[in-house]
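Everything on this sheet refers to the single structure shown next.
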Amino acid sequence: MTRRLNRLAAIVGVGASKFGTFEDKLGRELFADAFLEMMNSIDRGINIKDIEAFYLGTAAPLSFEGQAHLAPIIADQVGLVNRPATRVEGACASGGLALREGIIAIASGLYDIVLVGGVEKMTNLPTSEVTDVLAAFSDTPYESRVGITFPGAYALMATAYRHKYGLTDEQLMAVTIKNHQNGALNPKAQFNCSISDIMISRLAKIKEKGQPVPDWSSEMDFLKDLQANPVIAWPLKLFDCSPITDGAACVLLVAEHLAKSFTETPVYVIGSGQASDYSLHGRKDLTTLDGAKEAAHQAYDMAGVRPEDIRMAEVHDCFTIAEIIATEDLGFFRQGEGGRAAEQGLTARHGTKPVNPSGGLKAKGHPVGASGVAQVVEVWQQMRREAGARQINRDVHLALTHNVGAHGATSVVHIYERR
Amino acid sequence: MTEAEFTCASFYGALHDKRLMGTRCKECQAVYLPPRQICLKCQSTEMEWVLMKGEGKLVTFSTIAVGTSSMVAEGYNRYRHYCCGIVELDEGLRVSAHILGIDTQDPSSIEIGTPVTIEFPEGEGKPGVLTFRARQAC
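Below is the structure:
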């Protein structure tokens, strides 16, 4: 059954904080940075009083910064008290789910103007504790308990994928290299640098310390060196993993009939899909996310478009293998061909199917609850030709975001059109 | 004798007594592991416990260098990796497990399909961790 929205939501403003490690900032303060940028991005401006409701995606603020009940606190921080402020949680898909709730609220007719945001302040905790928090996004008594970490869950998929399709380390590394090339052009990115930049700075440090100089002649050489790129959860290494990040993002949604009163170039959300999935041991095939395929099917069906129509996508590359599987689940490439496609440059910024021009979660950073909203920020900028040095050279009138919670237990896909 | 409740606590209680138990729907005979209270196929809540043989094969795995804090407390670290995997039991069900008896320092030598047998780690008060050991391939 094709599901339809009674009326569409349009995006008329977006904002993001800088992504990275910010010792002296609370999550709410990062959110305020994103909010101010969003307010300034609305071409014809808005009175803050007109924002009727707020949906916040955040995954684990209680664990990360000792703060539960974050939505009203953030509403207060940006001046939106005495209105509905609702937290939405779906692990690393919290942001994408918040967007979907905002869209549904507008489609229902209840509100005309809705703020959707995402935030996570992760770096207060040491890596060992972050590992435990993220592991708890899986099935705690049956997965985390036997030692499956978050990288471990994706490593289980990567091993299955290697066995079934012959995935190579070079194919995973091609994703890392590509996303860092894009991140190098994104001033908001946590890793605003290419793998080559990282390699050169490492070499300089090694020489300074008078240590033996490694024989790295290329980015691949560097990534193949287990000293430089140690195993986290084999076959995944450090540079296969997105970083631990602080950051926030938000977008303003308005009912479609109001869109042009805010900007000449709104971006309409024309498709939305969401699905859950079993824990890993409940799945027949570990080389694909059935939930993501279902969410994509719902979104394509609602939008009335096909995978080949999509001009660019921001996908959930929490790990390199996740991007490869995503590009297959979304129908961009056949199953088992995503790795080769990455290696051939098809997903590069000027490839036939640009994926993660923002740098993705890998280079831009992955503040888990914010990532799904930050993807929309990139889509908006690319569709309006406001992406600066990383602008895709072809016209992006149709775009897609794919946001995944944990190991695919939640997936949410949205499709956007510039009209 | 009445059946123990179809809960996680009962599952780990049985594991502590060296039994790997699943639940079977009395209506349609579908078997589940981890245990379920409600049959996914026919929605019946008439379940019974069923003993698994504890043998199967590895369908996927990872050797983990940066582990959960409970694994770190067991002495695993960046230099001593542990292995997690998904085991397909002879009964056809899949479980996530800690895997012993393989060379975690040389993961590319580990084969999908490696036969494994359940093992019950000794140690009073130690939280139950579902564990399998690779059988020597012939």
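Just so you know, the sequences run in chain order A and B.
For the first sequence, the positions run -15 to 403 when this note's numbering is used.
For the second sequence, the positions run 64 to 201 when this note's numbering is used.
We treat Cβ as the ideally placed atom computed from N, Cα and C, and that holds for glycine.
Of all alpha-carbon atoms in L118(A), F121(A), R129(A), the one lying nearest the alpha-carbon of L193(B) is that of R129(A).
Closest in alpha carbon position to L118(A), among V251(A), A390(A), S245(A), R369(A), is A390(A). Within chain A, not a single residue places a beta-carbon under 7 Å from that of C88(B); the smallest gap is close to 16 Å. When DSSP states are grouped into helix, strand and coil, K33(A) belongs to the helix group. Along the segment 255 to 267 of chain A, the positions whose C-beta sits under 9 Å from a C-beta of chain B are S263, L264, H265, G266, R267, read in chain order. As DSSP reads the structure, E104(A) sits in a beta bridge with G231(A). Annotation note: the segment 277 to 345 of chain A contains the following uninterrupted beta strand (DSSP E) runs of length 3 or greater, listed N- to C-terminal: 296 to 298. Secondary structure note for Y145(B): its beta strand (DSSP E) is the uninterrupted segment 145 to 152. Chain-order list of chain B residues neighbouring I228(A): empty, with the shortest C-beta distance near 12 Å, by a criterion of under 9 Å.
In the pairwise beta carbon analysis, the segment 269 to 279 of chain A is classified as touching the segment 142 to 150 of chain A: at least three pairs are separated by under 8 Å. Straight across, the Cα-Cα distance linking L103(B) with D209(A) is about 47 Å. Between the alpha carbons of T229(A) and I175(B) lies a distance of about 35 Å. Taking a C-beta cut-off of 9 Å against chain A, the contacting residues of the segment 108 to 138 of chain B are V122, T123, F124, S125, T126, I127, A128, V129, G130, T131, S132, S133, M134, V135, E137, listed in chain order.
At a cut-off of 8 Å, the C-beta of L78(B) has no neighbouring C-beta in chain A. For H79(B), the enclosing alpha helix (DSSP H) has its first and last residue at 71 to 79.
Distances from the CA of L121(B) to each of S159(B), P184(B), E137(B) were compared; the closest alpha carbon is that of S159(B). Per DSSP, K104(B) lies in no alpha helix (DSSP H) segment and is marked neither H nor E.
The beta-carbon distance between F38(A) and L(-11)(A), rounded to whole angstroms, is 20 Å. This is too long to meet the 8 Å contact definition.
When the beta-carbon positions are compared, C88(B) and M115(B) stay at least 8 Å from each other.
I181(B) has a beta carbon lying at 8 Å or more from every beta carbon in chain A.
Under the 8 Å criterion on CB atoms, A67(B) is classed as non-interfacial with respect to chain A. By the beta-carbon neighbour count (other beta carbons within 10 angstroms, threshold 16), V357(A) is buried.
For C102(B), there are no neighbours in chain A by C-beta distance under 7 Å, as the nearest C-beta there is about 14 Å away.
By the Cβ neighbour-count rule, G167(A) is buried, with 16 or more other Cβ atoms within 10 Å of its own.
Here K191(A) has V197 as same chain residues with Cβ atoms under 8 Å from its own Cβ, once five neighbours each way along the sequence are excluded. At least one CB of chain A lies nearer than 8 Å to the CB of Y145(B). Residue pairing of Y139(B) in beta bridges, as defined by DSSP: absent, with no partner found. Taking 8 Å as the threshold, the shortest C-beta distance from R157(B) to chain A falls below it.
With contact defined as three or more Cβ pairs closer than 8 Å, the segment 379 to 399 of chain A and the segment 277 to 297 of chain A are in contact.
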